[in-house]
Each structure stands twice: as structure tokens, then as C-alpha cells.
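A.B. asks: Per our numbering, residue 1 is the first one in the sequence shown, and the count goes up by one each step.
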Amino acid sequence: MQILSGMDRARNALERGERLPGGTLPLPIAESWQRCRELGLDPHRQPRGEVVPFATVTRRRQKMEGLRRLALAEMQVLYAQIAGSNLMIALADAGGMVLDTISDQAFTESTAGRAIIPGSLWDEARRGTNALGLASDASQPVGVFGREHYFTCHAHLSCMAAPILDAHGQVLGLLDASCANEARQQHTHALVRMAAAQIENGLIFQECADNFILAFHPRAEYLDTLSAGLLALSRDGVVTALNRPGSALLSGLPAGADARFDTLFEMPFARALDGLLRGGVFPIRDAAGSQVLMVCRQIAPGLAVRNLHQEPQARPHDKGGSAPRFVCADAAVKAAMADIGQAVAMGMPIHLTGETGTGKELMARHIHEVSGRRGEFVAVNCGALAEQLFVAEIFGHEQGAFTNARAEGSIGLARQADGGTLFLDEIADIPLSAQTALLRFLDAREVRPVGGLKIHKVDVQIVSATNRNLEAMVAERAFRADLLYRLNGLVLHLPPLSARSDFALVVKHLLQELAPGVAITDAAIASLAQREWPGNIRELRSLLQRLLLRRQGAFIDETCLVEGAGDSGDTCPACRDRGLASRICREIRATYRVHRSVTHTARALGLSRTTVYKHLCGEPLN
1 MQILSGMDRA
11 RNALERGERL
21 PGGTLPLPIA
31 ESWQRCRELG
41 LDPHRQPRGE
51 VVPFATVTRR
61 RQKMEGLRRL
71 ALAEMQVLYA
81 QIAGSNLMIA
91 LADAGGMVLD
101 TISDQAFTES
111 TAGRAIIPGS
121 LWDEARRGTN
131 ALGLASDASQ
141 PVGVFGREHY
151 FTCHAHLSCM
161 AAPILDAHGQ
171 VLGLLDASCA
181 NEARQQHTHA
191 LVRMAAAQIE
201 NGLIFQECAD
211 NFILAFHPRA
221 EYLDTLSAGL
231 LALSRDGVVT
241 ALNRPGSALL
251 SGLPAGADAR
261 FDTLFEMPFA
271 RALDGLLRGG
281 VFPIRDAAGS
291 QVLMVCRQIA
301 PGLAVRNLHQ
311 EPQARPHDKG
321 GSAPRFVCAD
331 AAVKAAMADI
341 GQAVAMGMPI
351 HLTGETGTGK
361 ELMARHIHEV
371 SGRRGEFVAV
381 NCGALAEQLF
391 VAEIFGHEQG
401 AFTNARAEGS
411 IGLARQADGG
421 TLFLDEIADI
431 PLSAQTALLR
441 FLDAREVRPV
451 GGLKIHKVDV
461 QIVSATNRNL
471 EAMVAERAFR
481 ADLLYRLNGL
491 VLHLPPLSAR
501 SDFALVVKHL
511 LQELAPGVAI
521 TDAAIASLAQ
531 REWPGNIREL
541 RSLLQRLLLR
551 RQGAFIDETC
561 LVEGAGDSGD
571 TCPACRDRGL
581 ASRICREIRA
591 TYRVHRSVTH
601 TARALGLSRT
611 TVYKHLCGEP
621 LN
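1) Consult DSSP for S322 and reduce its assignment to one of helix, strand or coil.
2) Let me check understanding here. Comparing Cα to Cα, which of A73, L4, E15 and E38 lies closest to A519?
3) Measuring straight from C-alpha to C-alpha, what distance separates E563 and I164?
4) Find the nearest neighbour of V659 within the set G517, D224 and I340, judged by alpha-carbon distance.
5) Excluding sequence positions up to five away, which residues of its chain have a Cβ less than 8 Å from the Cβ of A524?
6) Assign Q631 to one of three DSSP states: helix, strand, or coil.
7) Along the alpha helix (DSSP H) that carries L362, what are the first and last residues, could you check?
8) Are the region 82–100 and the region 170–182 in contact at 8 Å, needing three or more beta carbon pairs?
9) Taking only runs of the alpha helix (DSSP H) that begin and end inside the region 422–468, which ones reach a length of at least 4 residues, in chain order?
10) R297 by DSSP, collapsed to three states: which one?
11) Taking all protein chains shown into account, decide if Q310 is buried (16 or more other Cβ within 10 angstroms of its Cβ) or exposed.
12) Should K454 go down as buried or exposed, given a rule of 16 or more other Cβ atoms within 10 Å for buried?
13) Within a Cβ cutoff of 6 Å, which residues of the same chain sit near G17, ignoring the five residues on either side of it in sequence?
14) The alpha helix (DSSP H) spanning M160 covers which residue range?
15) Using the Cα positions of L25 and E15, report the straight-line distance between them to the nearest angstrom.
16) Which class does V292 belong to by DSSP, given the choice of helix, strand or coil?
17) Anyone know if the C-beta pair for F212 and V292 falls short of 9 Å?
18) Hey, D330 and P141 are a contact pair by Cβ (cut 8 Å); roughly how many whole angstroms apart?
19) Whole-angstrom Cβ separation of G119 and V57, contact assumed at under 8 Å?
20) T668 by DSSP, collapsed to three states: which one?
21) Which residue from L362, R69 and L99 puts its Cα closest to that of V51?
22) Is I350 closer than 9 Å to L490 when the C-beta atoms are compared?
23) Quick one: Cα of M97 to Cα of S597, how far?
24) Can you check whether the CB of A167 is closer than 9 Å to the CB of R272?
25) Could you work out which residue in V507, R374 and A428 is closest to E476 when comparing CA atoms only?
26) Which class does L492 belong to by DSSP, given the choice of helix, strand or coil?
27) Rounded to whole angstroms, how far is the Cβ of N467 from the Cβ of E355, which I believe are closer than 8 Å?
28) Less than 9 Å between the C-beta atoms of F423 and E513, yes or no?
29) Under a Cβ-count criterion, where at least 16 other Cβ atoms within 10 Å of its own Cβ denotes burial, should T610 be classed as buried or exposed?
30) Leaving aside the five residues before and after T263 along the sequence, list all residues of the same chain whose C-beta is less than 7 Å from its C-beta, in chain order.
31) Let's see if you can read the secondary structure: which residues bound the beta strand (DSSP E) around F282?
32) Are at least three pairs of beta-carbons, each pair with one atom in the region 432–439 and one in the region 359–379, less than 8 Å apart?
33) Tell me whether Q170 is buried or exposed, calling it buried when 16 or more other Cβ atoms sit within 10 Å of its Cβ.
34) Among the candidates C585, E532, S501 and A604, whose CA atom is the shortest distance from the CA of E109?
35) Return helix, strand or coil for V171, following the three-state DSSP convention.
36) I need the DSSP call for I117, collapsed to helix, strand or coil.
What follows is the structure, given as C-alpha cells:
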């Protein structure tokens with residue numbers, strides 16, 4: 001006889017239309033299922049996947065600009081903490097309309113990822129039991145795991161959402177983490193709650209910039225954590241904001257709107273402020289007689305220089321450590337790197353190929369680090385050396401060896417790299433007359449300066465790179481075949497940016513290097529991914545720098561690309577250089593890149609399918 005779990009019995013009853021067995025589900029889930037039944041929702045069907053027009057999303061984003069700026073920065077931190085878990089971080093308004101997402105590439109490409117997009121509505125009446133809808137209704141953090149979702153098609157998801165409250169307990173927005181498995185991600189759930197609390201604290205600092213902000217807790221070690229109460233006060237001691245931990249610590253006291261410091265604590269505000277402004281931790285008793293420890297985190301302008309600790313402190317669970325030098329999650333890149341360690345251990349020359357801007361020098365520096373060599377990494381741009389000076393620059397020269405030689409002579413770049421790595425970039429540009437000398441050096445690893453007699457033995461790791469086809473140059477007798485055979489001991493090909501499967505990770509990594517803490521949304525990355533990128537990573541870096549200059553807040557979204565896309569390539573030929581028409585065309589094309597559907601694009605913008613087709617003009621259509 002098969003023994004069914006509580007969830008099995010609950011699902012069977014739900015799908016057969018029978019009464020739900022008691023005690024098999026958490027109470028909020030059971031109540032939600034019952035409400036969904038009463039609304040006539042069929043758990044076997046697909047939910048109503050409604051998406052509001054893009055213009056509506058834009059207006060809602062503008063109304064929530066302050067919260068959105070804080071939330072996207074916090075979402076970036078949260079994503080960094082749990083990246084690689086095949087999940088999505090989403091920000092929604094109080095009613096469950098998704099405004100922005102940041103996700104792993106695998107989740108973005110999944111069915112769930114295509115459903116959780118800006119403008120999608122996740123209230124209970126449309127999507128059944130889900131974390132965003134429940135968190136919105138209950139004003140409490142909620143987790144909905146696997147088959148706890150009402151609709152069967154959502155059974156592979158686990159979703160954790162937490163409301164973002166204002167100082168009066170009203171829901172301003174929702175933060176959600178959804179992952180493509182049924183495991184109870186309690187750690188992730190805790191991080192989502194902490195992220196929401198961090199946003200709430202940030203809103204207090206943002207909205208109470210002219211107030212004193214005090215942190216308090218019964219234990220000193222918790223004053224720099226999210227467990228601390230935050231109390232914002234006007235200059236005359238009136239409470240203007242109090243966070244959730246603060247409300248809990250002052251439970252039972254009149255801590256509502258327009259409360260005064262003097263009614264919450266035994267000490268008058270002026271006297272307490274005098275002690276707080278001297279710095280350090282200040283002990284004080286609340287009106288119920290319980291002692292708390294208090295510090296001043298922000299001083300009202302006009303009294304003194306603002307305290308350096310005015311911003312909320314970093315959460316104790318934040319990850320430390322620096323990011324890797326480059327992203328290598330693409331299968332082709334990882335395969336190319338697999339043999340580096342063994343190759344450098346054997347002293348094999350390594351040859352890098354790839355288009356301009358694909359990161360060949362970064363890879364060369366990585367090879368140097370893998371080698372563990374203590375000598376220098378010396379990069380040589382072979383195309384920038386004059387033909388008559390090439391040999392002298394590489395191998396050195398004695399004093400007065402030739403006209404215009406340095407008076408003191410030079411040891412040369414090869415000897416400078418002794419014990420380290422010599423990186424020969426643009427190797428295809430080495431003059432034919434110098435290729436013989438380089439070949440001899442690679443065979444013997446010996447250097448004799450121009451004009452000198454003494455031979456110097458050197459130990460270097462050779463790395464070369466080119467964006468040209470050396471085999472074709474050999475066939476054309478523009479490059480020596482024997483030199484090519486000495487250089488290509490291990491060949492690593494770096495794919496163009498447009499062909500890399502880890503494009504989203506490359507974007508996020510570059511943005512972290514350029515502006516740590518600045519977030520970029522999935523919709524913006526999807527738009528960037530549609531470009532051809534002839535300049536590869538170098539071009540992407542330049543574009544991100546321009547977007548950072550244009551952005552209005554602490555994040556980049558798809559509207560930055562639409563508004564800032566000054567190049568005519570982002571419009572169809574009919575709208576090119578036509579002012580307002582070109583801007584509308586760019587918005588249509590950018591919206592299509594987000595939705596990847598003509599029908600959804602037309603619905604989002606309130607346009608006809610014919611109009612969308614006309615402006616896409618050559619885009620791949622669904």
C-alpha cells in the first residue's frame with residue numbers, strides 16, 4: 001500500500017475538487033488555495049499571464065524612483081550572494097506588478113523566467129498562490145515552495161518574497177527571489193528578508209535627510225546590524241520614522257506618528273542629544289524601564305558635520321573578496337583554459353587567437369598568474385615597434401650601438417621578463433627581417449644585445465596573440481612557418497562577445513569593475529545582447545561607461561538604452577534621423593528585445609502588430 005505524504009494528499013484533493021485535508025499545508029497556503037477555488041481558478045490550466053503596457057511600467061517606476069534606486073542596488077548585492085543558484089531576483093510594486101528583474105542566465109531562458117518580466121502581474125486572482133501575491137496581502141515575508149503553488153505548472157518553482165514597508169507599516173513594494181527547484185531555500189529566504197530590511201533602513205536615511213537618526217538595541221554588538229532599531233527625529237525631538245526592529249523594541253509604548261522622544265525614553269531629548277553628539281555608545285532607559293544602548297548615526301544639518309556612520313552598515317552575511325579578473329563561464333572559454341596549468345608547467349609557448357577586444361591580454365596575464373612565476377609580466381605590442389628598432393627593443397643594445405640608441409644602452413624586454421612572462425601581442429606584425437632573430441631566441445632562450453658580445457640566458461614563459469590568420473599568412477609567405485610552429489604549442493581561441501553564452505555575466509562583471517554597486521536589469525542585458533559587438537568586450541566596456549554617465553539613478557535599465565541610443569543603428573531605416581519618430585522606433589525595438597514577441601510588444605506599448613512589424617524591419621520575429 002502506497003503511503004502518501006501530506007502534500008500528495010493535499011494536491012490530490014485540490015485537483016479532484018475535494019475538500020482539503022486539515023493539517024497538510026501551512027495555514028496561509030491552505031487559505032490561499034481556498035480563495036483561489038472560490039475565484040474559480042482551475043489548478044490544471046495555465047494562469048492568466050497578463051502583462052501591462054510598458055508605458056504603465058515606466059510611470060510606476062517613476063513614482064517609486066527613490067525606492068527603486070535603493071532596491072536595485074540591494075538586488076545587485078543579493079544576486080552576488082546567491083548567484084549560480086539558477087534564480088531570479090524581482091522587484092514589484094505593492095500590488096504585485098513586476099518592475100525589474102536580475103537573474104541567472106539559465107533562469108532567464110526558462111519558462112518561469114519568460115513569465116516573470118517587467119509589467120507581469122502576480123496577484124492571487126491572476127497567478128494563484130504565489131509568494132508575491134501572499135506577501136502583498138499579508139504584509140509579511142512569505143515562502144511558497146514547489147507544489148504549494150496553486151497552479152500545477154508552477155510546481156517546479158520555489159519563491160520567497162518580503163514586503164518593503166514605509167515607516168508607518170504600509171507596503172511600498174515587494175522583493176522576491178524565485179528559483180527553479182522545490183527545495184526549501186531557507187538561507188535564501190533569510191537573505192531576502194534582510195535585503196528588504198536594508199531597503200527600509202535606506203529609505204529612512206533617504207527620506208529623513210534633515211533629521212537626527214539614532215540606532216538603538218539592548219546589546220552593543222547589535223547596533224551595527226539589521227536587528228537595531230532606527231529612530232528618525234526632527235530637531236525638536238518629534239519622531240518622523242521608526243523601522244520595524246525599532247517598533248518591536250518599543251512595543252507597548254506610544255511610538256506612532258508624531259510621538260516625541262521624551263515620551264518614549266526617560267531622559268529629555270536635549271540631554272540625550274548632548275550625550276549622543278559626544279560620540280560613542282550612550283546608555284538610556286525607555287519609558288517602560290528597559291535599558292537600551294544608543295548611538296547617533298546621522299546629525300541634523302546645521303548642528304555639526306554629519307556622522308560618518310550615517311549609512312546603514314553592511315550585513316554580516318555579505319560576501320567579501322574581490323571578483324575574478326575576467327568572466328570564463330562560457331563553455332568554449334573554459335575548454336580553452338583547461339590545459340593552461342599543465343602547459344605552463346611544461347614551459348610550452350601559448351598562442352592566443354581571437355578578434356580585437358576579446359580579452360587576449362587579460363588571458364595572457366591569467367596565464368602568468370597560473371604559472372606562479374615571480375618575474376615580471378612584460379607586454380610587447382609588436383605592431384607598435386618600428387622595423388629597424390624591433391630587435392634592439394626585444395633583445396637590448398649596448399651603448400652607442402646604432403644611431404639614436406640610448407646613451408646608457410638597454411637590457412631589452414626579453415631580459416626584463418626573465419623569470420616571468422613575455423607577452424608578444426600582435427605577433428602577426430613582426431617584420432619578416434626580425435622573425436629570424438625571434439625564432440633563434442625561442443629555440444635557445446639566449447639573448448645577445450645589439451652591438452654586444454655577451455650572451456645572456458633567460459627563462460621566460462612565452463605567450464603570443466593575434467587577431468589575424470597566421471596560417472593564411474604562412475601560405476602567402478608573410479609569416480615564417482617555423483616561427484608559427486614554435487609559438488603555437490598550445491592554442492587558445494577566445495570567441496567573439498556576440499557568440500559567448502556568458503554574455504550576461506560579462507556585462508555584470510564589467511559594470512562591477514566600472515561602478516561597484518550599480519545594478520543592471522535583465523531587460524537591459526537582453527537589449528544589449530541583441531547587438532553585434534564588432535569591438536567585443538572593449539566596445540561593451542565603452543558603452544557601459546556612457547550608460548553610467550547617462551543614468552538617472554544607481555542602476556541601468558532598458559530605458560537608458562532607449563533614451564541614450566544616439567546611433568542610427570538602433571532604428572529602422574525609415575525612421576533614421578527623424579527626431580521623435582526615431583525615438584519611438586527605438587522604444588519599439590527595445591521593448592521587442594525584452595518580450596521577444598510581436599504580440600506582447602504591441603500589447604505592452606498599446607500599438608498594432610502591423611506598426612510593430614514595420615519598425616522591427618528585419619528583426620527576427622516570433
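By construction, the Cβ of each residue, glycine as well, lies at the ideal position given by its N, Cα and C atoms.
C.D. replies: On the basis of the data shown:
1) Legend: pLDDT at S322 = 29, less than 50; position of this residue unreliable, value from coordinates given subsequently. Here S322 sits in coil by DSSP.
2) Cα-wise, what sits closest to A519 is A73.
3) In this prediction, E563 scores a pLDDT of 44, lower than 50, which makes its location untrustworthy; no coordinate-derived value is stated.
4) With the chain covering 1 to 622 only, the question about residue 659 has no answer from this structure.
5) Counting only Cβ-Cβ distances below 8 Å, and skipping sequence neighbours, we find I556, D557, E558, C560 and L561.
6) Absent from the model: residue 631. The displayed extent of the chain is 1 to 622, so no value can be given.
7) Counting along the chain, the alpha helix (DSSP H) containing L362 begins and ends at K360 to S371.
8) In short, these stretches touch, since the Cβ pair count reaches three.
9) Within the region 422–468, the complete alpha helix (DSSP H) runs of at least 4 residues fall at 432–444.
10) When secondary structure is reduced to three states using DSSP, R297 falls in the strand class.
11) A caution first: Q310 carries a pLDDT of 37, below 50, which makes its placement in the model unreliable, though a value can still be read off. With fewer than 16 other Cβ atoms inside 10 Å of its own Cβ, Q310 counts as exposed.
12) By the neighbour-count criterion, in which a residue is buried when 16 or more other Cβ atoms sit within 10 angstroms of its Cβ, K454 is exposed.
13) Excluding its 5 nearest sequence neighbours in each direction, G17 has no C-beta neighbour in its own chain below 6 Å.
14) M160 -> not in any alpha helix (DSSP H); beta strand (DSSP E) instead, spanning S158 to L165.
15) In this structure, the CA atom of L25 is about 15 Å from the CA atom of E15.
16) Three-state result, V292: strand.
17) Here F212 is not near V292, since their CB atoms are 9 Å or more apart.
18) Cβ-Cβ separation between D330 and P141: approximately 36 Å, too far for a contact (criterion under 8 Å).
19) With 8 Å as the limit, G119 and V57 qualify as a contact, their Cβ atoms being about 5 Å apart.
20) Here the chain has residues from 1 to 622 only, and residue 668 is not among them.
21) Of L362, R69 and L99, the residue nearest in Cα terms is L99.
22) In this structure, the beta-carbon distance from L490 to I350 falls below 9 Å.
23) One C-alpha to the other measures close to 20 Å.
24) The sequence as given places Ala at residue 272; Arg does not occur at that position. For A272 and A167, no; Cβs fall outside 9 Å.
25) Nearest C-alpha to E476: A428.
26) Here DSSP, grouped into helix, strand and coil, assigns L492 to strand.
27) About 5 Å separates the Cβ atoms of N467 and E355, confirming a contact at the 8 Å cut-off.
28) Against a cut-off of 9 Å, the Cβ pair of E513 and F423 comes out as no contact.
29) Counting C-beta atoms within 10 angstroms of its own C-beta, T610 has fewer than 16 neighbours from the protein chains shown and is therefore classed as exposed.
30) A distance below 7 Å between beta-carbons, with the five flanking residues on each side excluded, links T263 to the following residues of its chain, in chain order: P254 and A287.
31) Segment F282 to R285, the beta strand (DSSP E) holding F282.
32) No, they do not touch.
33) A residue is called buried when at least 16 other Cβ atoms come within 10 angstroms of its Cβ; Q170 does not meet this threshold and is exposed.
34) Closest option to E109, Cα to Cα, is S501.
35) Here V171 sits in strand by DSSP.
36) Of the three classes helix, strand and coil, the one that applies to I117 here is coil, per DSSP.
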